[in-house]
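For the sequence shown, the working numbering puts the final residue at 117, and the numbers step up evenly by one.
Even glycine gets a Cβ: it sits at the ideal position worked out from N, Cα and C.
Presented below is the structure to which this report refers.
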Amino acid sequence: MAKRKATSAFVTEVVSLLAELGDVRAKAMFGGHGIYCGPTFFALIAHGRLYFKVNDESRGEYASRGTGPFSPTPGKAMKSYYEVPRDVFESDEELVRWARRAVAVAEVS
Numbered sequence: 009m010a011k012r013k014a015t016s017a018f019v020t021e022v023v024s025l026l027a028e029l030g031d032v033r034a035k036a037m038f039g040g041h042g043i044y045c046g047p048t049f050f051a052l053i054a055h056g057r058l059y060f061k062v063n064d065e066s067r068g069e070y071a072s073r074g075t076g077p078f079s080p081t082p083g084k085a086m087k088s089y090y091e092v093p094r095d096v097f098e099s100d101e102e103l104v105r106w107a108r109r110a111v112a113v114a115e116v117s
């Protein structure tokens, strides 16, 4: 998704939208933010974009919607985190559903 807001405002918005998952918080790291649910690191925000943890089963749904993996530097993709598709942000319930799946993936990784 394109940069929507200043990073700190976007981080606050994401944490607020995902609050129903439980103890969701952001932690600054490596120029971005890690997103945790309890002790589980399941998402990251970098350059104004949100990425969720994926596995072999969920990765295809992200790719089929035109999003790709997080790349901390050009040419260095982290294929375990994919950008959340833009249309997922159109529904709070849909965003939470995708986040729950990312938490579940992260818990078994």
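Best match in the options for proximity to residue i [C-alpha to C-alpha]
i, options, result
"Leu25", "Ala85, Met86, Val116 and Phe97", "Phe97"
"Ala36", "Ala51, Leu29, Glu28 and Gly30", "Ala51"
"Gly74", "Asp95, Gly40, Leu29 and Ala54", "Asp95"
"Gly39", "Phe78, Gly68 and Ile53", "Ile53"
"Glu102", "Phe78, Leu29 and Lys84", "Leu29"
"Gly76", "Pro82, Tyr90, Gly68 and Val116", "Tyr90"
Cβ-Cβ distance between residue i and residue j below 8 angstroms
i, j, result
"Ile43", "Val62", "no"
"Thr20", "Val111", "no"
"Phe60", "Ala107", "yes"
"Asp64", "Cys45", "no"
Residue burial classification, residue i (beta-carbon count within 10 angstroms, cutoff 16)
i, result
"Val92", "buried"
"His41", "buried"
"Ala27", "exposed"
"Val113", "buried"
Delimiting residues of the beta strand (DSSP E) encompassing residue i
i, result
"Glu91", "Lys84 to Glu91"
"Gly40", "Gly40 to Cys45"
"Val32", "Val32 to Met37"
"Leu58", "Arg57 to Lys61"
Residue i: first and last residue of the uninterrupted alpha helix (DSSP H) it sits in
i, result
"Val19", "Thr15 to Leu25"
"Ser72", "Asp64 to Ser72"
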